[in-house]
Amino acid sequence: MSKIDQLYQAKSWGDRAANLGILADLRANDPIYFNKKEGYVDLWHLTRHDDIFEIEKNSDIFINGPRMVLMPIEREETLKGFTGGSVHIIKSLVSIDKPEHPPLRMLTQGWFMPKNLARLQGAIDQSAETALARLSDAGGVCDFAQDIALEYPLRVIMAAMGIPSDDYPKMLQLTQELFSPEDPDVAAEEKSQEEVTAGIINTFMEFYAYFTALTADRRANPRDDLASVIANAEIDGQPIGEAEQLGYYIIVATAGHDTTSFSLSEAVYHLARNPTLFAELKANPEEMSKKMVEEAIRLASPVRHFLRTATEDFKLRDHQFHKGDTLMLWYPSGSRDENVFENPDTFNPHRDMSTRHASFGHGAHICLGMHLARQENASFLMRMAERVKSIELTGEPEFNHSHFVGGIKHLPVKMELE
Numbered sequence: 475m476s477k478i479d480q481l482y483q484a485k486s487w488g489d490r491a492a493n494l495g496i497l498a499d500l501r502a503n504d505p506i507y508f509n510k511k512e513g514y515v516d517l518w519h520l521t522r523h524d525d526i527f528e529i530e531k532n533s534d535i536f537i538n539g540p541r542m543v544l545m546p547i548e549r550e551e552t553l554k555g556f557t558g559g560s561v562h563i564i565k566s567l568v569s570i571d572k573p574e575h576p577p578l579r580m581l582t583q584g585w586f587m588p589k590n591l592a593r594l595q596g597a598i599d600q601s602a603e604t605a606l607a608r609l610s611d612a613g614g615v616c617d618f619a620q621d622i623a624l625e626y627p628l629r630v631i632m633a634a635m636g637i638p639s640d641d642y643p644k645m646l647q648l649t650q651e652l653f654s655p656e657d658p659d660v661a662a663e664e665k666s667q668e669e670v671t672a673g674i675i676n677t678f679m680e681f682y683a684y685f686t687a688l689t690a691d692r693r694a695n696p697r698d699d700l701a702s703v704i705a706n707a708e709i710d711g712q713p714i715g716e717a718e719q720l721g722y723y724i725i726v727a728t729a730g731h732d733t734t735s736f737s738l739s740e741a742v743y744h745l746a747r748n749p750t751l752f753a754e755l756k757a758n759p760e761e762m763s764k765k766m767v768e769e770a771i772r773l774a775s776p777v778r779h780f781l782r783t784a785t786e787d788f789k790l791r792d793h794q795f796h797k798g799d800t801l802m803l804w805y806p807s808g809s810r811d812e813n814v815f816e817n818p819d820t821f822n823p824h825r826d827m828s829t830r831h832a833s834f835g836h837g838a839h840i841c842l843g844m845h846l847a848r849q850e851n852a853s854f855l856m857r858m859a860e861r862v863k864s865i866e867l868t869g870e871p872e873f874n875h876s877h878f879v880g881g882i883k884h885l886p887v888k889m890e891l892e
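The sequence shown begins at 475 in the numbering used here and counts up one residue at a time.
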């Protein structure tokens with residue numbers, strides 16, 4: 475197996491540093507790299523920040539429709555049979571293109587703009603207090619990623635959607651099964667690709683059953699929550715389709731917490747390694763929390779890739795792409811590009827962030843929930859700064875096994891409480 479082939483394997487991402495090294499080598503020596511791997515579509519791998527942004531800016535030419543996420547061709551064919559022709563088992567904002575995408579995105583975009591997120595601050599504060607109380611009960615000793623970060627943003631987005639707290643564990647389980655089906659913490663034993671595909675379909679069907687019932691309830695009894703917005707959404711006076719509706723629920727319920735938890739664990743990991751930075755946070759929590767959150771998101775880059783397909787010939791720098799080419803955009807690589815970020819592997823909240831990192835994407839498909847993610851994690855770090863004297867690692871972090879969405883899944887720490 476070649477080094478680039480290693481990036482295709484979910485298990486290999488348990489050694490994130492090794493894979494980041496492969497991406498760094500590609501950035502330096504072959505930033506638009508063509509790879510053929512048996513059982514997969516041929517792919518152009520893009521690893522530089524500016525190239526990724528240029529492709530995403532041209533969303534009319536490079537589309538999501540044919541395929542969005544790396545998977546074996548065999549799985550693509552199975553999913554096409556299940557859906558009736560599409561590789562996308564979920565029809566969501568991240569898988570559709572113009573002209574469907576803009577009006578569908580606008581249905582909830584207002585909810586996620588900074589000026590409107592004040593309505594969620596109460597839920598954020600309550601979830602932070604729940605997390606810190608759990609930390610206190612444990613005497614400050616915990617697996618931060620599992621015990622604190624995993625559920626903190628989950629409670630916020632579930633409250634925004636109006637999902638009962640009794641159902642939070644189910645949503646968490648289904649999210650893990652969807653994003654990390656090959657991780658040993660999710661799957662009790664190693665599975666074949668056929669078993670992984672069958673599991674993804676089963677997870678989708680559980681989401682389908684749950685959100686179909688939720689839609690019926692919110693149509694009969696609408697409330698001031700996101701579930702009601704989605705259940706009763708209309709475009710041009712017509713209700714949105716069932717597939718679009720289901721995809722909306724799933725993308726908000728899953729992407730709305732998993733990526734945020736990985737970024738929060740990344741922040742705490744670096745603060746535990748650098749007491750001077752933690753002292754800076756305690757001295758100026760309001761300003762430093764925002765800077766540290768942004769730097770943690772840059773380094774975590776929880777969404778590791780998306781695929782784009784060219785609809786026409788396109789020249790990028792001196793490279794000619796052709797209609798039908800499939801491109802893999804490596805966001806962790808773009809966010810660590812030495813041409814854009816000085817000492818890119820260093821956690822430095824004081825760096826100039828006028829040039830955006832790649833972790834939220836760019837262009838038409840830029841992350842809808844990016845402002846909420848920032849607000850959630852900055853709020854937590856501010857409260858942690860008030861309640862915690864010091865942080866130290868009691869073991870090394872472990873990373874989940876996923877080439878799609880991932881980050882720190884175990885982070886053993888000891889926090890001395892005020």
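Heads up, the beta-carbon is just placed ideally off N, CA and C, and yes, glycines get one too.
Tell me which residues share the same chain as Val-630 and place their Cβ nearer than 7 Å to its Cβ, disregarding the 5 neighbours each side in the sequence. One-based indexing of the sequence shown puts residue 630 at position 156. Result list for Val-630: Leu-594, Ala-597, Ile-598, Ser-601, Glu-850, in chain order.
Ends of the beta strand (DSSP E) at Tyr-507? Sequence index remark: in the sequence shown, residue 507 carries index 33 (1-based). Note, Tyr-507: beta strand (DSSP E), 506–509.
Taking just the CA atoms, how far does Val-561 sit from Thr-604? Residue 604 sits at position 130 when you count from the first residue of the sequence shown. Residue 561 sits at position 87 when you count from the first residue of the sequence shown. Distance between the alpha carbons of Thr-604 and Val-561: 39 Å.
Our contact map puts Arg-541 next to Gly-636 with C-beta atoms below 8 Å; I'd like the distance itself, whole angstroms only. Looking up residue 541 in the sequence shown gives position 67. Looking up residue 636 in the sequence shown gives position 162. Contact doesn't hold; Cβ gap of about 33 Å is too wide.
Can you give me the start and stop residues for the alpha helix (DSSP H) that Arg-782 sits inside? By one-based count along the sequence shown, residue 782 stands at place 308. From DSSP, Arg-782 is part of no alpha helix (DSSP H) but of the beta strand (DSSP E) over 779–784.
Environment of Asp-657 [buried if 16+ CB atoms lie within 10 Å]: Position 183 of the sequence shown, counted from the first residue, corresponds to residue 657. Asp-657 is buried by the Cβ-count criterion.
For the putative contact between Ile-547 and Val-568, defined by C-beta atoms under 8 Å, what is the C-beta separation to the nearest angstrom? Position 73 of the sequence shown, counted from the start, is the residue given in the question as residue 547. Position 94 of the sequence shown, counted from the start, is the residue given in the question as residue 568. Not really, about 21 Å apart at Cβ, beyond 8 Å.
Where does Leu-885 sit, in a helix, a strand or coil, going by DSSP? What you label residue 885 is simply residue 411 of the sequence shown in a count that begins at 1. If DSSP states are grouped into helix, strand and coil, Leu-885 belongs with coil.
Any idea what DSSP makes of Phe-736, helix, strand or coil? The sequence position of residue 736 within the sequence shown is 262, counting from 1. Helix, per DSSP.
Give me the residue from Phe-586, Ser-533, Gly-558 with the minimum Cα distance to Pro-573. As a working mapping, residue 573 is identified with position 99 in the sequence shown. Per the Cα distances, Ser-533.
Where Gln-483 falls: helix, strand or coil (DSSP): Taking the first residue of the sequence shown as position 1, residue 483 is located at position 9. Gln-483: coil per DSSP, three-state reduction.
On a Cα-Cα basis, can you pick out the residue from Leu-609, Asp-819, Met-632, Lys-565 that is closest to Glu-740? Here residue 740 refers to the residue found at position 266 when the sequence shown is read from its first residue. Among Leu-609, Asp-819, Met-632, Lys-565, the Cα nearest to that of Glu-740 belongs to Asp-819.
Measure the C-alpha to C-alpha separation of Leu-803 and Tyr-642 and round it to an integer number of angstroms. Taking the sequence shown and counting its residues from 1, one reaches residue 803 at position 329. Taking the sequence shown and counting its residues from 1, one reaches residue 642 at position 168. Leu-803 and Tyr-642: Cα-Cα distance of roughly 32 Å.
Taking the beta strand (DSSP E) that Ser-893 belongs to, which residues open and close that run? A question about residue 893 goes unanswered here, because the residues of the chain that appear run from 475 up to 892.
Name the two residues that bound the continuous beta strand (DSSP E) containing Leu-425. Since the displayed the chain opens at 475 and closes at 892, residue 425 lies outside it and no answer follows.
Kindly indicate which three-state DSSP category Ile-526 falls into: helix, strand or coil? By one-based count along the sequence shown, residue 526 stands at place 52. The answer is helix: DSSP assigns Ile-526 an H, G or I state.
Cα-Cα separation, Leu-790 to Phe-681: On the sequence shown, position 316 is the one that residue 790 refers to. On the sequence shown, position 207 is the one that residue 681 refers to. Going by the C-alpha atoms only, they are around 40 Å apart.
Contiguous alpha helix (DSSP H) assignments of at least 4 residues, all confined to the segment 626–708: 626–635, 642–653, 667–694, 700–705
Could you say which of Leu-481, Arg-501, Lys-477 lies nearest to Ser-809 if we only look at CA atoms? Residue 809 sits at position 335 when you count from the first residue of the sequence shown. Checked all of Leu-481, Arg-501, Lys-477; the closest Cα to Ser-809 is Arg-501.
Within the same chain, show all residues whose beta-carbon is closer than 8 Å to that of Leu-700, passing over the 5 residues directly before and after it, in chain order. As a working mapping, residue 700 is identified with position 226 in the sequence shown. Here the set comprises Thr-582, Trp-585, Ala-634, Met-635, Gly-636, Val-726.
Name the one or two DSSP bridge partners that Glu-873 has. Counting from 1 along the sequence shown, the entry for residue 873 is found at position 399. Note that residue 873 is Phe in the sequence shown here, rather than Glu. In DSSP, Phe-873 forms a bridge with Ile-882.
Considering only the beta carbon of each residue, do Leu-481 and His-839 sit closer than 8 Å? Here residue 481 is taken as the residue at index 7 of the sequence shown, counted from 1. Here residue 839 is taken as the residue at index 365 of the sequence shown, counted from 1. No, they are not a contact pair.
Considering only their Cβ atoms, is the gap separating Pro-823 from Met-889 smaller than 8 Å? Reading the sequence shown from its first residue, position 415 is the one you call residue 889. Reading the sequence shown from its first residue, position 349 is the one you call residue 823. Not a contact, by the Cβ cut-off of 8 Å.
Determine, using beta carbons only, whether Leu-885 and Phe-618 come nearer to each other than 8 Å. Start at 1 with the first residue of the sequence shown, and residue 885 comes out as number 411. Start at 1 with the first residue of the sequence shown, and residue 618 comes out as number 144. In contact: Leu-885 and Phe-618 (Cβ atoms closer than 8 Å).
Beta-ladder partner(s) of Gln-719, from DSSP: Translated into positions along the sequence shown, residue 719 becomes position 245. Answer is none; Gln-719 lacks a bridge partner.
Count the CB pairs spanning the segment 762–773 and the segment 850–861 that are closer than 8 Å, and state whether there are at least three. yes
Asp-811 in three-state terms, based on DSSP: Here residue 811 refers to the residue found at position 337 when the sequence shown is read from its first residue. Correct three-state label for Asp-811: coil.
What residue from His-731, Tyr-626, Ala-672 has the CA that sits closest to Ala-608's CA? For the purposes of this step, residue 608 is identified with residue 134 of the sequence shown, where counting begins at 1. Note on residue identity: the sequence assigns Arg, not Ala, to residue 608. When only C-alpha atoms are compared, the closest one is Tyr-626.
Out of Ile-478, Lys-477, Ala-491, Ser-486, which one is the CA nearest neighbour of Glu-870? The sequence position of residue 870 within the sequence shown is 396, counting from 1. Checking every option, the nearest Cα to that of Glu-870 belongs to Ala-491.
Whole-angstrom distance between Ala-707 and Arg-693, CA atom to CA atom: The residue labelled residue 693 in the question sits at position 219 within the sequence shown. The residue labelled residue 707 in the question sits at position 233 within the sequence shown. Cα to Cα, the separation comes out at about 10 Å.
Stretch pair the segment 768–780 + the segment 737–751: three plus CB contacts closer than 8 Å: yes
Candidates Gly-673, Ile-674, Arg-549, Ala-753, of which the one nearest Glu-866 by Cα: Here the question's residue 866 lines up with position 392 in the sequence shown. Measuring from the Cα of Glu-866, the nearest candidate turns out to be Ala-753.
Pick from Glu-550, Phe-685, Ser-476, His-744 that is closest to Ile-882, judged by C-alpha positions: Working through the sequence shown from its first residue, we reach residue 882 at position 408. Of the candidates Glu-550, Phe-685, Ser-476, His-744, the one whose C-alpha sits nearest the C-alpha of Ile-882 is His-744.
Assumed close pair Arg-848, Tyr-805 - CB separation to whole angstroms, cut-off 8 Å: Counted from its first residue, the sequence shown places residue 848 at position 374. Counted from its first residue, the sequence shown places residue 805 at position 331. Rounded, the Cβ-Cβ distance is 17 Å, inconsistent with contact.
Output the boundary residues of the beta strand (DSSP E) element that contains Asn-595. To locate residue 595, count along the sequence shown from 1; it is residue 121. Note on identity: in this sequence residue 595 is Gln, with Asn being the wrong assignment. Here Gln-595 belongs to no beta strand (DSSP E); instead the alpha helix (DSSP H) covers 595–611.
For the alpha helix (DSSP H) holding Lys-756, just list the boundary residues, first then last. Taking the sequence shown and counting its residues from 1, the one referred to as residue 756 is at position 282. Lys-756 -> alpha helix (DSSP H) spans 749–757.
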